[in-house]
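Novice: The C-terminal position of the sequence shown is numbered 496 in numbering that gives the first Met the number 0, with every residue numbered one higher than the one before it.
C-beta atoms are modelled at their ideal positions from N, C-alpha and C, and glycine is treated no differently.
Source: prediction; values computed, not measured.
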Amino acid sequence: MANREARKPPVVAGEILCVPNSCYVQYFTYAFTEGKRDFVHGERWSGQYKNERCWVWGEAVKDGVACGLYGVLLDGGDKRDGLLRAPKVPHQALLRQACLSTVYSFAEPWTRLISAFCALITHFIFTLLILAPLQPLQSLSIHVQRQSLVMNQVPRAFCEHVCDLLYINGIRGAKELSGYYGRIARTRFCHDCDYEVDVEDGSSPEGYFYADYSADVVHECEGIEAVPKKHVRSVVISMFDAKDKSVAESMKIVRRFPYSSYCFVVHCSSINKAWVDHMRSLKRLNHVEITEKLNDDALLLLGTLVTCRKLSRLIMFAEACEGGSMEIMKSLLCQDQFTELRIWNNFEDLWKDWDGAAVRKLLRFWSKNSEKLRGKNLILEMNCKGGAEQLEKFVRRRTSSSKKALQHPLKVCSKEECDLINKEYHHNHITFLKPSCVYKFEDTRKRGAQRRFYVSFECANEKELETLRQQYHVAGHGGHNDLSLMRKTDFLRIFFA
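#1: Should Glu457 be labelled buried (16 or more other beta-carbon atoms within 10 Å of its own) or exposed?
#2: Is His479 helix, strand or coil by DSSP?
#3: Residue range of the beta strand (DSSP E) that Leu377 falls in?
#4: Let's see if you can read the secondary structure: which residues bound the beta strand (DSSP E) around Tyr258?
#5: Would you report the Cα separation of Pro257 and Arg283, rounded to the nearest angstrom?
#6: Taking Met238 as the reference, give the member of Gly206, His230 and Ala459 with the closest Cα.
#7: For the segment 257 to 336, which segments carrying the beta strand (DSSP E) assignment without a break, of at least 3 residues, lie completely within its bounds, in sequence order?
#8: For Leu331 and Leu310, which I take to be in contact (beta-carbon distance under 8 Å), what is that distance rounded to the nearest angstrom?
#9: Can you give the Cα-Cα distance for Lys329 and Ile378, rounded to whole angstroms?
#10: With Val198 and Ile236 assumed to form a contact (beta carbons below 8 Å), what rounded beta-carbon distance in angstroms separates them?
#11: Buried or exposed, going by whether 16 or more other CB atoms sit within 10 Å of the CB of Gly34?
#12: With a threshold of 6 Å on Cβ separation, who are the neighbours of Asp354 within its own chain once the five nearest residues in sequence on each side are excluded?
#13: For Lys414, collect the residues of the same chain with a Cβ closer than 8 Å to its Cβ; drop the 5 residues on either side in sequence, then sort them by chain order.
#14: Taking 8 Å as the limit between beta carbons, can you name the residues of its chain near Gly322, skipping five residues before and five after?
#15: What are the start and end residues of the alpha helix (DSSP H) that includes Ile429?
#16: How would you call Pro408, buried or exposed, if buried means at least 16 neighbouring beta carbons within 10 angstroms?
#17: Spell out the partners DSSP gives His472 in its beta bridges.
#18: Any idea which residues DSSP pairs Asp354 with across the strands?
#19: Check Phe393 in the structure and name its three-state DSSP category.
#20: Got a sec? Which residues, its chain only, sit under 6 Å from Gln389 by beta carbon, not counting five neighbours each side?
#21: Within a Cβ cutoff of 7 Å, which residues of the same chain sit near Thr303, ignoring the five residues on either side of it in sequence?
#22: Give the straight-line distance between the Cα atoms of Arg279 and Val246, rounded to the nearest whole angstrom.
#23: How would you label Thr500, buried or exposed, when you count the other beta carbons within 10 angstroms and need 16 or more for buried?
#24: Considering only the alpha carbon of each residue, which of Ser249, Tyr209 and His190 lies closest to Asp200?
#25: Thinking Val231 and Val253 are a contact (beta carbons under 8 Å), I'd like their distance in whole angstroms, please.
#26: Considering only the beta carbon of each residue, do Tyr438 and Cys412 sit closer than 8 Å?
#27: Leaving aside the five residues before and after Leu301 along the sequence, list all residues of the same chain whose C-beta is less than 7 Å from its C-beta, in chain order.
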């Protein structure tokens, strides 16, 4: 693996598409090996720009030498970090193409001077004539032509890979761009889909495709086979038993979709060694989901998967968060590659109350291991009342009695602090339909210790969830400030920092 430089190079912004939202231009460092196109996510650094879409560039590092990397990152609340593939071109050439302050920076100085003079004369003449209203249209035409020229400077293969990694918010924004990015994103928007299949007793008869953006569902075998494999973004495999032939069937499904990421949902209380070995062999394991309380043998096997540091995300149903499962979750939260733990209510009764005991135990664990949990997400979904109550009890117990009567221990973060945590941790990669403010709890009981976490949640009610669909926003200082809604939410995020 290549060495990672500790210094923070300058971020160079390129063409600005004027969208009145704040976002972050991000710097990426990647390492890769000779003959392979697998990139390793390295150090990240963010510079703030008051635009939603910007050009960014970073460095691909091989044996400590920068080979170059550049492209477009559409942040705007996209939920995923980009693992960008870089062409092997000279670093200086990349820098020349990436260092663009505006779309007009392609021109030489004398060309820009002439263009400015001509534009001034044109503006003066058109102001005196009846044709003056046409000036905005002419300027727009020139801008669009130059915009397309700028976008097409990036290799097509690189554009394709960026679009491969964007989720719905990023794709929706990218399809409005010109050049390669716009065309590829529009294709992705029309064809990208997920494949979901149930595996039981060695067979998978109920496979179907779910289109990511159109909500269309394909059940017919002919339709499934007609979908190009490169457009299958993720494969969700639900395992209903731990038989060897079921594991073999899941391996067969994985081989059918070599370009996808894989999610495994365990609907039984046991797993076997073959399944664990299969998980360890996957290069693109998205997450594992546990829906039932595992038996002791299954917990031991799951522990071997945890020790190999393969998991970055884990989803647990509330009823499965008991006994040895809690130790599994605590162990994962201390691992560097792990980023997100989600706790769901049971699918059979989504709004059934649960006591939130797992949240209480995890918050206590954080209070003793805050440094290890820094940068990790604890997310509650579907009827978060029990978890929200445990969160409130936790923060109140750790607030001095003199302050309890004066104010709530969860404080609204300033805009500056919201910007800071997004720069450092990419906090805005999780979005909401009607976001709350970002609230901060800081445990100052130990002198010199900076232990804090941030809370945000979905404020939309059931009716608003229908009317606000596809209008996602990030939580921040300008979010909805009403802590009474926290017990009513179906999505609650606790971010440890």
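Specialist: Put simply:
#1: For the purposes of this step, residue 457 is identified with residue 458 of the sequence shown, where counting begins at 1. Glu457 is buried by the Cβ-count criterion.
#2: Within the sequence shown, residue 479 is the residue found at index 480, counting from 1. In the structure shown, His479 sits in a strand (DSSP, three-state: E or B).
#3: Within the sequence shown, residue 377 is the residue found at index 378, counting from 1. Asn376 to Glu380 is the span of the beta strand (DSSP E), which, as asked, contains Leu377.
#4: To locate residue 258, count along the sequence shown from 1; it is residue 259. That residue, Tyr258, is in no beta strand (DSSP E); it is neither H nor E in DSSP.
#5: By 1-based counting over the sequence shown, the position of residue 257 is 258. By 1-based counting over the sequence shown, the position of residue 283 is 284. Roughly 10 Å separates the two Cα atoms.
#6: Taking the sequence shown and counting its residues from 1, the one referred to as residue 238 is at position 239. The candidate whose alpha carbon is nearest that of Met238 is Gly206.
#7: Whole beta strand (DSSP E) segments, 3+ residues: 260 to 265, 284 to 289 and 312 to 316.
#8: Residue 331 sits at position 332 when you count from the first residue of the sequence shown. Residue 310 sits at position 311 when you count from the first residue of the sequence shown. Leu331 to Leu310, Cβ: 6 Å. Contact.
#9: Here residue 329 refers to the residue found at position 330 when the sequence shown is read from its first residue. Here residue 378 refers to the residue found at position 379 when the sequence shown is read from its first residue. Going from the Cα of Lys329 to the Cα of Ile378 covers about 14 Å.
#10: Numbered from its first residue, the sequence shown carries residue 198 at position 199. Numbered from its first residue, the sequence shown carries residue 236 at position 237. Correct: roughly 6 Å between the Cβ atoms.
#11: Sequence index remark: in the sequence shown, residue 34 carries index 35 (1-based). Per-residue confidence for Gly34 stands at a pLDDT of 30, beneath the threshold of 50, marking its modelled position as unreliable; no derived number is given.
#12: Within the sequence shown, numbered from 1, the residue matching residue 354 stands at position 355. Only Gly385 meet the Cβ criterion.
#13: Walking along the sequence shown from the start, residue 414 turns up at place 415. For Lys414, where only same-chain residues beyond five positions count, the Cβ hits under 8 Å are Gly475, His476 and Gly477.
#14: Indexing the sequence shown from 1 puts residue 322 at position 323. Result list for Gly322: Lys292 and Leu298, in chain order.
#15: Taking the first residue of the sequence shown as position 1, residue 429 is located at position 430. Segment: none, Ile429 is in no alpha helix (DSSP H) and carries neither H nor E.
#16: Here residue 408 refers to the residue found at position 409 when the sequence shown is read from its first residue. Buried, by the Cβ-count rule.
#17: Residue 472 sits at position 473 when you count from the first residue of the sequence shown. Note: His472 sits in a beta bridge opposite Phe431.
#18: Counting from 1 along the sequence shown, the entry for residue 354 is found at position 355. Bridge partners of Asp354: none, in fact.
#19: Reading the sequence shown from its first residue, position 394 is the one you call residue 393. Of the three classes helix, strand and coil, the one that applies to Phe393 here is helix, per DSSP.
#20: Taking the first residue of the sequence shown as 1, we reach residue 389 at position 390. Gly355, Val358 and Arg359, listed in sequence order.
#21: Position 304 of the sequence shown, counting from 1, holds the residue named residue 303. The answer, listed in chain order, is Val275.
#22: Position 280 of the sequence shown, counted from the first residue, corresponds to residue 279. Position 247 of the sequence shown, counted from the first residue, corresponds to residue 246. Straight-line Cα distance between these residues: approximately 13 Å.
#23: No answer is possible for residue 500: the residues shown for the chain start at 0 and end at 496.
#24: Stepping through the sequence shown from its first residue, residue 200 is reached at position 201. Checking every option, the nearest Cα to that of Asp200 belongs to Ser249.
#25: Locating residue 231 in the sequence shown gives position 232, where the first residue counts as 1. Locating residue 253 in the sequence shown gives position 254, where the first residue counts as 1. So it is not a contact: roughly 11 Å between Cβ atoms.
#26: By 1-based counting over the sequence shown, the position of residue 438 is 439. By 1-based counting over the sequence shown, the position of residue 412 is 413. Less than 8 Å divides the Cβ of Tyr438 from the Cβ of Cys412.
#27: If you number the sequence shown from 1, residue 301 lands on position 302. Correct list, in chain order: Ile270, Leu293 and Ile327.
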